[in-house]
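Residue numbers (this note's numbering): 1409 to 1524.
Quick notes on the structure that follows.
Pasting the structure below:
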């Protein structure tokens, strides 16, 4: 079952079962194009460039190792925390070695001062 996040004034029930979904058939036209900065033209655009830090978080009671990733062709403001299992699965040739441990906190905390 799925629960939708609907406005308070919605007049439909927010929970439905996946068996109620039906394949959409019809002629659909593209309504518009994504802004250029959101377009992904090449797999190289979404490749990790550098590990900026690492941390261990807890998800559903399980310790999860994460790395702070600087992506190729993206600015330092676009770094993201990614699960190490995801990174090694999607980018097996990318090395997570030589990580530095970052204290739990916000991405926009003191990192800019450390990076220059």
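Where a beta carbon is used, it is the ideal one built from N, C-alpha and C, also for glycine.
State the DSSP-derived secondary structure class of residue 1487, mapped to helix, strand or coil. Taking the first residue of the chain shown as 1, we reach residue 1487 at position 79. It is coil, neither helix nor strand.
Residue 1429 versus residue 1418: straight-line alpha-carbon distance, rounded: For this step, residue 1429 is matched to residue 21 along the chain shown. For this step, residue 1418 is matched to residue 10 along the chain shown. Roughly 20 Å between the two C-alpha positions.
Can residue 1501 and residue 1480 be called in contact, C-beta distance under 8 Å? Mapped onto the chain shown, residue 1501 falls at position 93. Mapped onto the chain shown, residue 1480 falls at position 72. No, they are not a contact pair.
Excluding the 5 residues flanking residue 1465 on each side, which residues of the same chain have their C-beta closer than 7 Å to its C-beta? Taking the first residue of the chain shown as 1, we reach residue 1465 at position 57. Closer than 7 Å at Cβ, skipping near neighbours: 1472, 1474.
Return the bridge partner residues of residue 1463 from the DSSP annotation. Position 55 of the chain shown, counting from 1, holds the residue named residue 1463. Per DSSP, 1474.
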